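Just below is one structure, and these are the notes that go with it.
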Ligand code: ATP
């Protein structure tokens, strides 16, 4: 196991800037998730760490030692790709041991390491089977196992669950988390799925267009997004954002949007009046009258996801999504009183959290 540090990693492909100076430190044993929309540079970064693509600038450091000059096999990192191809003519055991055989590791050591990895992943019973005799989830575990037997210093996983259906994905996600608790290896995991990132990562790195927007534990990324991109990228349904002005009235700051006003409490001292964006999560808006806001929403649509409902309402010229109990009796077209929880709003100026 090793710590990983990336220093100002930059990479372009012709005119496309894939990475524009990425700095990151991952502690030994940490589960770090790189999260961002398609094309933001996640896979490129993983390939650079593995040594499969050279960076234009910057440095990859493992345990304090730059590894930029080392070829992939000497970096001692293991990678699991999105399209994990198992060798169809080999058994699970042979697939697991393949990388070790290529490294001319003694047979008995290979056998032991294969068994240990199989035990960790709960696939001991499958060792004599061929890949075609396995389910998707089992194949995925074998692919993970192939990386695990290597006992690499860092594991790099590039969307390893994307070929699985939603239910299996959720199960394997839990297994992966459990597995990480047991082996405590350093993992860099790439995904564009925020649920996966939030449930797996000790740390989440939110990226867009080759840049890092925020690094932090999942709860911090959710509760204190650094900018409007992170605020709206994380959370489903996404955060409501409204343009307006911060104004001081009776010694209290108010947000004045188009068609509604919210009194704000618990803000940082010294905030200046002026243009801002107000962010509210759907769960931080209550149905009913409150002391601090007096909003009337006209319900345009209700989405029912079974466990709860989402009310999509119009307030003034703005649209809001509100999380509601599954048994609410409102219908489309109704008017509903709404209260924004004043201590749970997010304020942004020029896109950045204030
Ligand atoms: P996805 O989630 O879709 O896999 P990603 O975040 O992993 O996306 P990358 O694959 O790292 O994104 O790509 C980052 C940018 O670099 C994209 O604009 C992509 O088109 C470009 N790119 C990546 N590899 C190459 C290449 N070999 N040649 C040219 N452009 C490339």
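In my numbering, the protein residues as written are 2 to 355.
The beta-carbon is built from N, C-alpha and C at its ideal position, and this holds for glycine as well.
Since the structure is predicted, the reported quantities are computational estimates derived from the model, not experimental observations.
Q: Check whether the segment 144 to 153 touches the segment 74 to 90, counting contact only when three or more Cβ pairs, one atom from each stretch, lie closer than 8 Å.
A: yes
Q: Say whether the segment 94 to 102 touches the segment 115 to 131, bearing in mind that this needs 3 or more beta-carbon pairs closer than 8 Å, one atom from each stretch.
A: yes
(Q) Looking at residue 102: is its Cβ nearer than 8 Å to the Cβ of residue 111? (A) yes
Q) Quick one: complete beta strand (DSSP E) runs, 3+ long, within the segment 176 to 249? A) 187 to 192, 204 to 209 and 212 to 217
Q) residue 280 by DSSP, collapsed to three states: which one? A) strand
Q. Which word fits residue 190, buried or exposed, when buried means at least 16 other C-beta atoms lie within 10 angstroms of its C-beta?
A. buried
Q: Measure the C-alpha to C-alpha separation of residue 187 and residue 181 and round it to an integer number of angstroms.
A: 9 Å
Q: Within 10 angstroms of the Cβ of residue 273, are there 16 or more other Cβ atoms? Answer buried if so, exposed if not.
A: exposed
Q. Quick one: Cα of residue 342 to Cα of residue 312, how far?
A. 16 Å
Q) Under the DSSP definition of a beta bridge, which residues are partnered with residue 21? A) 11
Q. For the ligand ATP, is there a heavy atom less than 7 Å away from the beta-carbon of residue 224?
A. no
Q.
Quick check: the Cα distance between residue 176 and residue 185, rounded to an integer number of angstroms?
A. 13 Å
Q: Pick helix, strand or coil for residue 376, following the three-state DSSP scheme.
A: Because the chain here runs from 2 to 355, residue 376 falls outside it and cannot be looked at.
Q. Is residue 151 near residue 162, with beta carbons less than 8 Å apart?
A. no
Q. Among residues of its own chain, excluding the 5 on either side of residue 344, which ones have a beta-carbon nearer than 8 Å to its beta-carbon?
A. 266 and 267
**Q.** C-beta contact flag for residue 24 and residue 11 at 8 Å
**A.** no
Q) Based on the DSSP secondary-structure assignment, which residues constitute the bridge partners of residue 144? A) Bridge partners of residue 144: none, in fact.
Q | Collapsed DSSP secondary structure at residue 287 in the structure displayed | A | strand
Q: Just confirm the distance between the C-beta atoms of residue 325 and residue 309, as a whole number of angstroms; I'd bet it's less than 8 Å.
A: 7 Å
**Q.** Any non-hydrogen atom of the ligand ATP within 7 Å of residue 16 CB
**A.** no
Q: Report yes if the C-beta of residue 163 is less than 7 Å from at least one heavy atom of the ligand ATP; otherwise report no.
A: no
Q: Between the Cα of residue 212 and those of 261, 228, 218 and 199, spot the shortest distance and give me the residue it belongs to.
A: 228
**Q.** Extent of the continuous alpha helix (DSSP H) run through residue 43
**A.** 43 to 51
**Q.** CB-CB length for residue 140 against residue 132, believed under 8 Å
**A.** 6 Å
Q.
Determine whether the beta carbon atoms of residue 303 and residue 333 lie at a separation below 8 Å.
A. yes
Q: Run the proximity test for residue 45: is its beta-carbon closer than 7 Å to any non-hydrogen atom belonging to the ligand ATP?
A: yes
Q.
Please state the DSSP three-state secondary structure of residue 257.
A. strand
Q) Can we count residue 19 as close to the ligand ATP, meaning its CB is less than 7 Å from some heavy atom? A) yes
(Q) Closer than 7 Å to a non-hydrogen atom of the ligand ATP - does that hold for the CB of residue 193? (A) yes
Q. When every heavy atom of the ligand ATP is checked, does at least one fall within less than 7 Å of the C-beta of residue 41?
A. yes
Q: Identify which residue in 58, 49 and 39 has its Cα closest to the Cα of residue 72.
A: 49
Q. Among 255, 87, 197 and 331, which has the Cα closest to the Cα of residue 35?
A. 197
Q. Is any heavy atom of the ligand ATP found at a distance shorter than 7 Å from the C-beta of residue 137?
A. no
Q: Name the one or two DSSP bridge partners that residue 6 has.
A: 26 and 62
Q.
Using CA atoms only, rank isn't needed, just tell me which of 244, 281, 337 and 271 is closest to residue 223.
A. 281
Q: Check the DSSP bridge columns for residue 111 and list the partner residues they point to.
A: Per DSSP, none; premise fails for residue 111.
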